[in-house]
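The structure appears right after this line, and notes come after that.
There are 2 protein chains.
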Amino acid sequence: MNIKRYMIKDTNETELKHLDPDEKGEFKSKEEANAKMEQLKERLIELQDILFAQKKHSLLVILQGMDSSGKDGTVKHIFSGINPQGFMVTSFKKPSLEEEAHEFLWRVHQKTPPKGYIAAFNRSHYEDVLVPRVHGGLKKDDMKRRFRYIRQFEEMMVEEGTTIIKLFLHISKEKQLKKIQERLEDPKKHWKFDASDLQEREYWDQYQEAYEDVFKETSFEKAPWYWIPANHQWYRNYLALAIVVKTLEGLDLSYPKLDTPTPDISELITPRH
Amino acid sequence: MNIKRYMIKDTNETELKHLDPDEKGEFKSKEEANAKMEQLKERLIELQDILFAQKKHSLLVILQGMDSSGKDGTVKHIFSGINPQGFMVTSFKKPSLEEEAHEFLWRVHQKTPPKGYIAAFNRSHYEDVLVPRVHGGLKKDDMKRRFRYIRQFEEMMVEEGTTIIKLFLHISKEKQLKKIQERLEDPKKHWKFDASDLQEREYWDQYQEAYEDVFKETSFEKAPWYWIPANHQWYRNYLALAIVVKTLEGLDLSYPKLDTPTPDISELITPRH
Chain V
1 MNIKRYMIKD TNETELKHLD PDEKGEFKSK EEANAKMEQL KERLIELQDI LFAQKKHSLL
61 VILQGMDSSG KDGTVKHIFS GINPQGFMVT SFKKPSLEEE AHEFLWRVHQ KTPPKGYIAA
121 FNRSHYEDVL VPRVHGGLKK DDMKRRFRYI RQFEEMMVEE GTTIIKLFLH ISKEKQLKKI
181 QERLEDPKKH WKFDASDLQE REYWDQYQEA YEDVFKETSF EKAPWYWIPA NHQWYRNYLA
241 LAIVVKTLEG LDLSYPKLDT PTPDISELIT PRH
Chain G
274 MNIKRYMIKD TNETELKHLD PDEKGEFKSK EEANAKMEQL KERLIELQDI LFAQKKHSLL
334 VILQGMDSSG KDGTVKHIFS GINPQGFMVT SFKKPSLEEE AHEFLWRVHQ KTPPKGYIAA
394 FNRSHYEDVL VPRVHGGLKK DDMKRRFRYI RQFEEMMVEE GTTIIKLFLH ISKEKQLKKI
454 QERLEDPKKH WKFDASDLQE REYWDQYQEA YEDVFKETSF EKAPWYWIPA NHQWYRNYLA
514 LAIVVKTLEG LDLSYPKLDT PTPDISELIT PRH
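Same order as they appear, the protein sequences are chains V and G.
Residue 103 in this note's numbering sits at position 103 of the first sequence, with consecutive numbering throughout.
Residue 288 in this note's numbering sits at position 15 of the second sequence, with consecutive numbering throughout.
Written out as structure tokens, the structure reads:
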């Protein structure tokens, strides 16, 4: 599994129309992927335990994507099973009045992970460059400034010990429609339906361009963007999990040693007869 | 009153031994200053009212200085009387365990003022470059990085609408001793005495040098440092207040206009017979 293939770099293709949301990688079937997924999940649990014990690094996973691209589902599938004490997830919605009275990084900075923790952002500060790009409201200079703030902010986080992974869940316009239909037809999914998703769908092409801008401006080595083919949920989950695991394996994780000489506790132990 | 004289720029003197903590500016007596201070206080109250109504700008006043230099007293004297609803003050003490698990700007960013507000920091992120400079614990590269983070962070705040004033309360070593004595002798001031202040006093010269570094690295036009002669409390208070008022006067403050045509409410008014 070479995750580098999905990393977006300057030299790579960033035009989304050339990236196939239907891709399934090396797998022939969902079952094949699921078996590997189980192994990866066990590995994630091991790695998180060391991360939490060591309290040296932290991991921030940022999830972005069009409506219905599966951000909630991805969080659920890749992080269920890990120790919830070392994990935090924040969904960034429309800013509150209090949040709007501050610059856009104010609310985001508060939710960054302390050392030892994994944090997931379901949407993020990237909404604050995507939405104005599509719907207007910010001058070109203001947009450039926001991109600069984002780079400086993420660079600081990385230099201070937070590893950042940014995942773009890439679905096709047809797949989105199918998922909206499901939400309308399945009573268990009604709650997920939001009429404004249909409105935003009309701006599909503008959003795709806005994402391409985001990749150009903010995919740097220390905090790279990955594109995740997301038409097949099982491949989306598998790939996102693989990226998280590979990234954690790249850190110098190890259980901390006792920093005092091992005390002799033999006298405290009541011998069993 | 020309506050520029106290602004620390590249071209200015930054060696503290050449700046006189006993200075009293244009005044011959405390009474003369206090009369002017009353006028300034009234002006501050007017300006804060507009700032709060307009919700376009915010003001952050950062107070730094040696122990007993009068940070608490300055906050009390210059901001008492303003509308507390539009004012917030944060004292940054030794970081908690939770705060220590994040980079040093995490706790500071949370306390920045929303639009319309004045915030005062009693100590600040500058402790995170001063203390390691004096007591060790950070490599030279790490210090340089922290200065860069501070510049980038403050620049962002300023560009996004927060005016920043940084005040260094400059007292002499003799004055500090006198204030420590007062704290020991006056039962009403016992609570202010902290034995660790005496320990830190031994590092006086190192702290003075550390502050000189801070001025060199972080006094830029958008967020300048001012040095405040602070041996005379009344001049310290007067000058700090004058800088706050002058700075607010430099903003384009104005009450917002009604954004709807003035409604006719004459019918609602019961005529008085």
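Each residue gets a CB set at the ideal place from its N, CA and C atoms; glycine is no exception.
Sorted by chain position, which residues of the same chain lie with C-beta nearer than 8 Å to residue i's C-beta, five sequence neighbours on each side aside?
| i | result |
| --- | --- |
| GLN206(V) | ARG133, VAL134 |
| ASN510(G) | MET310, GLY346, THR347, HIS350, ILE351 |
| ALA374(G) | none |
| ASN278(V) | The structure shown does not extend to residue 278(V), since chain V spans only 1 to 273, so no value can be given for it. |
Short check: CB of residue i to CB of residue j, under 8 Å?
| i | j | result |
| --- | --- | --- |
| TRP225(V) | ILE8(V) | yes |
| LYS30(V) | GLY116(V) | no |
| ARG151(V) | VAL129(V) | no |
| PRO21(V) | PRO229(V) | yes |
| THR436(G) | ASN395(G) | no |
| GLY65(V) | ILE171(V) | yes |
| ILE335(G) | SER397(G) | yes |
| LEU514(G) | LEU313(G) | yes |
| GLY86(V) | ILE45(V) | no |
| THR112(V) | LEU47(V) | no |
| LYS93(V) | GLU155(V) | no |
| GLU473(G) | ASP340(G) | yes |
| GLU372(G) | GLU160(V) | no |
| GLN481(G) | LEU289(G) | yes |
| TYR235(V) | LYS24(V) | yes |
Below 9 Å on C-beta distance, what does residue i contact in chain V?
| i | result |
| --- | --- |
| LYS388(G) | GLU100, ALA101, HIS102 |
| MET429(G) | GLU103, LEU105, ARG145, ARG148, TYR149, GLN152, PHE153 |
For residue i, collect the residues of the same chain with a Cβ closer than 7 Å to its Cβ; drop the 5 residues on either side in sequence, then sort them by chain order.
| i | result |
| --- | --- |
| THR287(G) | ILE281, GLU485, PHE488, LYS489 |
| GLN233(V) | GLY70, GLY73 |
| TYR296(V) | Outside the shown range of chain V (1 to 273) lies residue 296(V), about which nothing can therefore be said. |
| TRP227(V) | TYR6, ILE8, LEU19, PHE168, HIS170 |
| LEU158(V) | According to the sequence shown, residue 158(V) is Val rather than Leu. If we look at VAL158(V) and ignore the five residues flanking it on each side, its Cβ neighbours are ILE164, LYS222, ALA223. |
| ASN307(G) | TRP507 |
| LEU258(V) | none |
In its own chain, which residues sit with a C-beta less than 6 Å from the C-beta of residue i, not counting the 5 before and 5 after it?
| i | result |
| --- | --- |
| LYS175(V) | ASN231 |
| ASP197(V) | ASP67 |
| ARG380(G) | GLU372 |
| LEU512(G) | ILE501 |
| PHE426(G) | LEU378 |
Which residues in chain V have a C-beta closer than 7 Å to the C-beta of residue i? List them in chain order.
| i | result |
| --- | --- |
| ILE425(G) | The sequence as given places Gln at residue 425(G); Ile does not occur at that position. Here the neighbours are GLN152. |
| GLU432(G) | ARG145 |
For residue i, is the beta carbon positioned less than 7 Å from some heavy atom of the ligand COA?
| i | result |
| --- | --- |
| PRO21(V) | The ligand COA is not part of this structure, which contains no ligands at all. |
Interface residues of chain V around residue i at Cβ under 8 Å?
| i | result |
| --- | --- |
| GLU494(G) | Residues of chain V passing the Cβ test: none, with the nearest at roughly 17 Å. |
| TRP379(G) | HIS109, GLN110, THR112 |
Cβ contact (3+ pairs, closer than 8 Å) linking the segment 183-199 of chain V and the segment 234-246 of chain V: no
Can you list, in chain order, the residues of the segment 382-408 of chain G whose Cβ is nearer than 9 Å to any Cβ on chain V? HIS382, GLN383, THR385, PRO386, PRO387, LYS388, GLY389, TYR390
Give a yes or no on contact between the segment 434-452 of chain G and the segment 525-535 of chain G, applying the rule of three or more CB pairs nearer than 8 Å. no
With three or more C-beta pairs closer than 8 Å as the rule, is the segment 378-389 of chain G touching the segment 324-340 of chain G? yes
Taking a cut of 7 Å between CB atoms, which residues from the segment 450-469 of chain G lie near chain V? none
Near-chain V residues of the segment 412-424 of chain G (beta-carbon distance less than 9 Å), N- to C-terminal order: ARG418, ARG421, TYR422
Closer than 7 Å, Cβ to any Cβ of chain G: which residues of the segment 197-219 of chain V, in chain order? none
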